[in-house]
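Peer 1: Heads up: the sequence shown is residues 1 to 652, going by the numbering used here.
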Amino acid sequence: MPGFPTANNILQKRWNQRAYELHVKKKKAMRSGLDTKKPKSFLHLKVNLKKMQSEEERQASIDYENRILLAKLTNVLRSTGQLDNWNYDYELHSKSLNELKLNDEKEKIQEENQKLLKRLQNRSSHYDTDEWEDEYLMHNYFLELKDSATKNFQLDVRGMNQQEALFYYSEDRHKRKTRAHYDKVSTIGETSSNLAPSQAAVSEKSLNDEDRMPNMDELKISKRPVKTRRRRLPRLPVLGTERKKELEKKKKEAAAKAAHYDEKDEAVKLFKATKGMGKPEVVVTNTLAKRKFSQRQQTKVKFEEQFGLNLEEELSSQLDDDFQTLTSALLTSRQDYDAMSIHSALKGQGPFTETLVEVLCTRNNGALGAIRSAYATKYSKELEEDIKAEVKGQLRHLLLAIVKGTRSESTNIDKEAADKDTEQLIATQEEDRWNADSGKMAELLQTASWSHIVTVLHNYEQITGKSSLEEIERLLVADYRDAMVSLVKCLSDCPQFLAEQIQINLQASGDEETVMRIIIMRSEVDMVLIRKAFKRLFGETLMDGIDKRLRMTCKKALVQMVVVHGNPDKPPAELPKENQQDLNQKTKGQLPPYPKPLKRPPPDMDVAMPADNPLAKAVVKSPRVERKADVKKMEKENKSLAADVNEKQDQT
Numbered sequence: 001m002p003g004f005p006t007a008n009n010i011l012q013k014r015w016n017q018r019a020y021e022l023h024v025k026k027k028k029a030m031r032s033g034l035d036t037k038k039p040k041s042f043l044h045l046k047v048n049l050k051k052m053q054s055e056e057e058r059q060a061s062i063d064y065e066n067r068i069l070l071a072k073l074t075n076v077l078r079s080t081g082q083l084d085n086w087n088y089d090y091e092l093h094s095k096s097l098n099e100l101k102l103n104d105e106k107e108k109i110q111e112e113n114q115k116l117l118k119r120l121q122n123r124s125s126h127y128d129t130d131e132w133e134d135e136y137l138m139h140n141y142f143l144e145l146k147d148s149a150t151k152n153f154q155l156d157v158r159g160m161n162q163q164e165a166l167f168y169y170s171e172d173r174h175k176r177k178t179r180a181h182y183d184k185v186s187t188i189g190e191t192s193s194n195l196a197p198s199q200a201a202v203s204e205k206s207l208n209d210e211d212r213m214p215n216m217d218e219l220k221i222s223k224r225p226v227k228t229r230r231r232r233l234p235r236l237p238v239l240g241t242e243r244k245k246e247l248e249k250k251k252k253e254a255a256a257k258a259a260h261y262d263e264k265d266e267a268v269k270l271f272k273a274t275k276g277m278g279k280p281e282v283v284v285t286n287t288l289a290k291r292k293f294s295q296r297q298q299t300k301v302k303f304e305e306q307f308g309l310n311l312e313e314e315l316s317s318q319l320d321d322d323f324q325t326l327t328s329a330l331l332t333s334r335q336d337y338d339a340m341s342i343h344s345a346l347k348g349q350g351p352f353t354e355t356l357v358e359v360l361c362t363r364n365n366g367a368l369g370a371i372r373s374a375y376a377t378k379y380s381k382e383l384e385e386d387i388k389a390e391v392k393g394q395l396r397h398l399l400l401a402i403v404k405g406t407r408s409e410s411t412n413i414d415k416e417a418a419d420k421d422t423e424q425l426i427a428t429q430e431e432d433r434w435n436a437d438s439g440k441m442a443e444l445l446q447t448a449s450w451s452h453i454v455t456v457l458h459n460y461e462q463i464t465g466k467s468s469l470e471e472i473e474r475l476l477v478a479d480y481r482d483a484m485v486s487l488v489k490c491l492s493d494c495p496q497f498l499a500e501q502i503q504i505n506l507q508a509s510g511d512e513e514t515v516m517r518i519i520i521m522r523s524e525v526d527m528v529l530i531r532k533a534f535k536r537l538f539g540e541t542l543m544d545g546i547d548k549r550l551r552m553t554c555k556k557a558l559v560q561m562v563v564v565h566g567n568p569d570k571p572p573a574e575l576p577k578e579n580q581q582d583l584n585q586k587t588k589g590q591l592p593p594y595p596k597p598l599k600r601p602p603p604d605m606d607v608a609m610p611a612d613n614p615l616a617k618a619v620v621k622s623p624r625v626e627r628k629a630d631v632k633k634m635e636k637e638n639k640s641l642a643a644d645v646n647e648k649q650d651q652t
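Right under this line is the structure:
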């Protein structure tokens with residue numbers, strides 16, 4: 001047994017061997033077979049309650065339907081025949097064979113109605129005010145024309161007494177006025193003393209007789225024709241597009257003229273804007289941008305005196321960044337603004353060479369001295385020291401030569417000196433010709449006037465046949481080349497150079513503050529020429545370019561500055577208020593002067609037509625003109641003969 005220890009291992013081993021052999025024999029003797037008996041069935045599988053329930057429900061529904069059918073059959077058998085079903089759908093539809101066509105027509109009509117309704121709903125009311133204005137002008141024209149052509153039948157009773165009869169004819173009225181005038185002029189005593197007795201009796205009798213009018217021959221009063229004033233016919237009004245053009249022209253002229261300047265009113269408007277009353281952008285545009293530099297400074301001083309506040313600081317709280325920059329530029333003095341622009345350019349903020357050349361080359365010696373002192377005051381450092389620290393190479397010598405402000409400002413050009421300087425410039429080697437540290441160009445940049453330098457460059461181009469700009473671009477490099485190119489362009493045509501700078505900085509990669517600086521600083525100098533140059537170069541007005549491409553919020557104010565200060569038609573000088581009142585009183589009620597008709601000038605018969613004129617062959621002189629010419633010729637011959645005869649008589 002496996003659970004007990006073996007007493008004899010040999011016997012145990014033998015027994016195990018015998019059991020194993022018996023097991024092997026049984027395996028070999030085993031045969032394969034199939035169990036075909038039915039599986040054992042369980043009770044819960046034999047009884048299907050769900051199936052039994054469904055069968056009972058189905059049988060119940062069948063019985064219900066059978067009962068209904070049996071009731072119907074019984075009702076049919078018991079009653080007579082009748083209709084038990086009506087086709088209501090058939091009654092609703094039309095019996096026509098064109099039903100499909102009618103449906104298509106209805107759908108088409110509905111679709112058109114929907115489109116019409118949509119158009120009516122999307123259509124806004126339209127009133128042609130231009131047509132109304134034209135009709136109104138024509139209506140007034142017809143009324144004036146009728147009034148001028150229609151006779152006035154109203155009776156004029158001025159100067160008549162109540163007892164006098166009404167006179168409907170001008171002749172009787174004229175006689176009665178003549179009699180009244182005669183009564184006022186002379187008295188009975190005066191006439192009787194001065195006249196003869198017979199004449200005095202006649203005059204007394206004529207004056208005492210009220211029923212008789214005095215004779216015109218007796219009074220010796222001559223009738224003078226009454227002057228009648230010529231009535232002017234109304235003019236046909238301007239209509240349509242021409243009227244629009246005139247209105248636009250008047251609007252532009254009105255926009256180009258700044259309002260009357262009063263520093264007190266301007267200061268009050270700015271104070272209200274600083275307190276949030278009104279739109280500060282509009283107030284800044286009207287009171288600062290449209291005014292001159294001197295007027296802006298007066299307004300600033302008046303604001304500080306009247307309210308004790310700093311105008312720039314007060315406006316900064318009501319304006320955005322762009323308008324703050326504009327306001328600061330408008331209220332800052334010119335030398336301070338130039339010093340700030342130069343400092344920004346030297347520190348790498350904005351265009352470098354263009355800004356320095358534009359600021360330094362367009363200022364005179366006095367302005368350069370003011371800029372140097374303002375720079376030293378503001379930044380505690382001399383301008384020359386900053387240039388030496390920030391700029392290197394030939395550009396440093398160029399800027400230092402310009403900043404000195406020691407050049408001649410004479411506009412008179414010495415041709416001999418200009419020719420001599422041109423020869424020396426040409427004689428200089430090509431590599432050193434345009435240097436700013438040594439040579440003839442350096443000497444010219446330090447001492448010569450800008451007019452003299454322009455003349456030298458012009459002579460250089462005429463003698464060598466080369467463009468100075470092309471030579472500079474070919475020989476120079478880096479910032480010094482850009483500065484010299486800008487210098488030559490600025491000296492040759494300053495308005496065109498500034499217009500090009502505005503166009504460059506209006507692009508996406510440009511500096512918008514440069515546009516602002518040019519407009520502010522040149523508004524009272526040459527803005528008219530800049531506008532013309534911009535229109536000539538780029539085919540659009542300067543106002544349109546600023547309005548379309550400038551991204552600053554203060555662009556409308558800059559546009560107004562260009563319009564007001566760049567207006568080619570100068571406004572008339574403002575008169576004092578007293579003179580304006582006197583002028584208004586004198587001209588009040590007066591009609592405009594009647595223009596005299598133009599006359600063709602008489603032809604000059606003495607002027608002979610040149611022989612090379614092609615019209616001379618086709619001109620045929622009239623006999624009258626030929627006779628006049630012959631008469632003049634004979635008169636000249638007679639005069640010459642008479643002169644010869646007189647000389648001979650004197651000699652004898």
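Glycine is no exception: its CB is placed at the ideal position from the N, C-alpha and C atoms.
How many whole angstroms separate the CB atoms of residue 483 and residue 398, which I take to be in contact at a CB cut-off of 8 Å?
Peer 2: Taking the sequence shown and counting its residues from 1, the one referred to as residue 483 is at position 483. Taking the sequence shown and counting its residues from 1, the one referred to as residue 398 is at position 398. Indeed, because the Cβ distance is near 6 Å, the residues count as touching under 8 Å.
Peer 1: Do residue 368 and residue 387 count as a contact pair if the criterion is CB distance below 8 Å?
Peer 2: Here residue 387 corresponds to residue number 387 of the sequence shown, with the count starting at 1. Here residue 368 corresponds to residue number 368 of the sequence shown, with the count starting at 1. No, the pair does not count as a contact, with Cβ atoms beyond the cut-off.
Peer 1: Just mark residue 233 as buried or exposed, buried being the case when its beta carbon has 16 or more other beta carbons within 10 Å.
Peer 2: As a first step, residue 233 is located in the sequence shown; it is residue number 233 there, counting from the start. When all chains shown are included, residue 233 counts as exposed.
Peer 1: To which residues of the same chain is residue 30 closer than 7 Å at the C-beta, ignoring the five residues directly before and after it?
Peer 2: For the purposes of this step, residue 30 is taken as residue 30 along the sequence shown, with counting starting at 1. Closer than 7 Å at Cβ, skipping near neighbours: no residue.
Peer 1: Return the residue from the list 273, 289, 89 that minimises the CA-CA distance to residue 556.
Peer 2: Reading the sequence shown from its first residue, position 556 is the one you call residue 556. Per the Cα distances, 289.
Peer 1: Going by beta-carbon coordinates alone, are residue 503 and residue 285 separated by less than 8 Å?
Peer 2: On the sequence shown, position 503 is the one that residue 503 refers to. On the sequence shown, position 285 is the one that residue 285 refers to. Going by C-beta atoms, residue 503 is not nearer than 8 Å to residue 285.
Peer 1: To which residues of the same chain is residue 18 closer than 8 Å at the C-beta, ignoring the five residues directly before and after it?
Peer 2: Position 18 of the sequence shown, counted from the first residue, corresponds to residue 18. Correct list: empty, nothing qualifies.
Peer 1: Just how far apart, CA to CA, sit residue 476 and residue 320?
Peer 2: As a working mapping, residue 476 is identified with position 476 in the sequence shown. As a working mapping, residue 320 is identified with position 320 in the sequence shown. Approximately 43 Å between the Cα atoms of the pair.
Peer 1: Just mark residue 523 as buried or exposed, buried being the case when its beta carbon has 16 or more other beta carbons within 10 Å.
Peer 2: Taking the first residue of the sequence shown as 1, we reach residue 523 at position 523. Flag for residue 523 reads buried.
Peer 1: Mind reading off the beta-carbon distance from residue 492 to residue 449? Whole number of angstroms is fine, and I expect it under 8 Å.
Peer 2: Locating residue 492 in the sequence shown gives position 492, counting from the first residue. Locating residue 449 in the sequence shown gives position 449, counting from the first residue. Between residue 449 and residue 492 the Cβ distance is about 15 Å, and since that is not below 8 Å, they are no contact.
Peer 1: Within its chain, find whatever has a CB closer than 6 Å to the CB of residue 510; leave out the 5 residues flanking it on each side and keep chain order.
Peer 2: Here residue 510 is taken as the residue at index 510 of the sequence shown, counted from 1. These residues qualify, in order along the chain: 504.
Peer 1: Taking the continuous alpha helix (DSSP H) assigned at residue 464, which residues delimit it?
Peer 2: Locating residue 464 in the sequence shown gives position 464, where the first residue counts as 1. Looking at the DSSP string, the run of the alpha helix (DSSP H) that includes residue 464 is 450-464.
Peer 1: Excluding the five sequence neighbours on either side, which residues of its own chain have a C-beta within less than 7 Å of the C-beta of residue 394, listed in chain order?
Peer 2: For the purposes of this step, residue 394 is identified with residue 394 of the sequence shown, where counting begins at 1. 435, 436, 437, 480, listed in sequence order.
Peer 1: Can you give me the C-alpha to C-alpha distance between residue 266 and residue 300, rounded to a whole angstrom?
Peer 2: Along the sequence shown, read from residue 1 onward, the residue named residue 266 stands at position 266. Along the sequence shown, read from residue 1 onward, the residue named residue 300 stands at position 300. About 9 Å.
Peer 1: Quick check: the Cα distance between residue 271 and residue 303, rounded to an integer number of angstroms?
Peer 2: Position 271 of the sequence shown, counted from the first residue, corresponds to residue 271. Position 303 of the sequence shown, counted from the first residue, corresponds to residue 303. Taking the straight line joining both Cα atoms gives about 8 Å.
Peer 1: Could you spell out the range, first to last residue, of the alpha helix (DSSP H) harbouring residue 75?
Peer 2: Here residue 75 corresponds to residue number 75 of the sequence shown, with the count starting at 1. Run containing residue 75: 49-78, per the alpha helix (DSSP H) assignment.
Peer 1: Buried or exposed: which applies to residue 653, given that a residue is buried once 16 or more other Cβ atoms fall within 10 Å of its Cβ?
Peer 2: Residue 653 lies beyond the residue range present for the chain, which begins at 1 and ends at 652; the question has no answer from this structure.
Peer 1: Please name the residue, chosen from 343, 426, 361, that lies closest to residue 389 on a Cα-to-Cα basis.
Peer 2: For the purposes of this step, residue 389 is identified with residue 389 of the sequence shown, where counting begins at 1. Nearest of 343, 426, 361 to residue 389, Cα basis: 343.
Peer 1: Looking only at its own chain, which residues have a Cβ that is under 8 Å from the Cβ of residue 469, when we skip the five neighbours before and after it?
Peer 2: Start at 1 with the first residue of the sequence shown, and residue 469 comes out as number 469. Excluding positions up to five away in sequence, the list reads 485, 488, 489.
Peer 1: Kindly list the residues whose CB is nearer than 6 Å to the CB of residue 402, restricted to its own chain and excluding five residues on each side of it in sequence; keep chain order.
Peer 2: Numbered from its first residue, the sequence shown carries residue 402 at position 402. For residue 402, where only same-chain residues beyond five positions count, the Cβ hits under 6 Å are 360.
Peer 1: What is the C-beta distance between residue 407 and residue 446, in whole angstroms, given that I count them as a contact (C-beta under 8 Å)?
Peer 2: Here the question's residue 407 lines up with position 407 in the sequence shown. Here the question's residue 446 lines up with position 446 in the sequence shown. Between residue 446 and residue 407 the Cβ distance is about 7 Å, and since that is below 8 Å, they are a contact.
Peer 1: Which same chain residues, not among the five before or five after residue 194, have their C-beta less than 6 Å away from its C-beta?
Peer 2: For the purposes of this step, residue 194 is taken as residue 194 along the sequence shown, with counting starting at 1. Note that residue 194 scores 45 on pLDDT, short of 50, meaning its location in the model is unreliable and no value can be drawn from it.
Peer 1: Excluding the five sequence neighbours on either side, which residues of its own chain have a C-beta within less than 7 Å of the C-beta of residue 378, listed in chain order?
Peer 2: In the sequence shown, the residue the question calls residue 378 occupies position 378. Counting only Cβ-Cβ distances below 7 Å, and skipping sequence neighbours, we find 336, 339.
Peer 1: Counting only the same chain and skipping the five closest in sequence on each side, list residues whose C-beta sits under 7 Å from that of residue 141.
Peer 2: By one-based count along the sequence shown, residue 141 stands at place 141. These residues qualify, in order along the chain: 234, 236, 237.
Peer 1: Cβ of residue 331 within 8 Å of Cβ of residue 311?
Peer 2: Numbered from its first residue, the sequence shown carries residue 331 at position 331. Numbered from its first residue, the sequence shown carries residue 311 at position 311. It is a contact, given that the beta carbons lie within the stated cut-off.
Peer 1: Out of 348, 318, 244, which one is the CA nearest neighbour of residue 278?
Peer 2: Taking the sequence shown and counting its residues from 1, one reaches residue 278 at position 278. Ranking the options by Cα distance to residue 278, first place goes to 318.
Peer 1: I need the straight-line Cα distance from residue 553 to residue 365, nearest angstrom please.
Peer 2: As a working mapping, residue 553 is identified with position 553 in the sequence shown. As a working mapping, residue 365 is identified with position 365 in the sequence shown. The straight-line gap from Cα to Cα measures roughly 36 Å.
Peer 1: Taking just the CA atoms, how far does residue 356 sit from residue 416?
Peer 2: As a working mapping, residue 416 is identified with position 416 in the sequence shown. As a working mapping, residue 356 is identified with position 356 in the sequence shown. Approximately 32 Å between the Cα atoms of the pair.
Peer 1: Hey, which unbroken runs of the alpha helix (DSSP H) at 4 residues or more fall wholly within the stretch 248-284?
Peer 2: As far as the stretch 248-284 is concerned, its whole alpha helix (DSSP H) runs of at least 4 residues are 263-274, 280-284.
Peer 1: So residue 515 is in the alpha helix (DSSP H); what residue range does that whole segment cover?
Peer 2: Within the sequence shown, the letter at position 515 stands for residue 515. 512-522 is the extent of the alpha helix (DSSP H) around residue 515.
Peer 1: Would you say residue 537 and residue 496 are within 8 Å of each other, going by their C-beta atoms?
Peer 2: Position 537 of the sequence shown, counted from the first residue, corresponds to residue 537. Position 496 of the sequence shown, counted from the first residue, corresponds to residue 496. In this structure, residue 496 lies closer than 8 Å to residue 537 by Cβ.
Peer 1: Nearest-angstrom Cα distance between residue 413 and residue 519?
Peer 2: In the sequence shown, counting from the first residue as 1, residue 413 sits at position 413. In the sequence shown, counting from the first residue as 1, residue 519 sits at position 519. Their Cα atoms are separated by approximately 31 Å.
Peer 1: Measure from the C-beta of residue 471 to each C-beta in chain E and report whether the shortest distance is under 8 Å.
Peer 2: Included in the structure is just one protein chain, with no chain E present.
Peer 1: Considering only residues of the same chain and omitting the five flanking positions on each side of residue 113, which have a CB-CB separation below 8 Å?
Peer 2: Looking up residue 113 in the sequence shown gives position 113. Result list for residue 113: empty, nothing under 8 Å.
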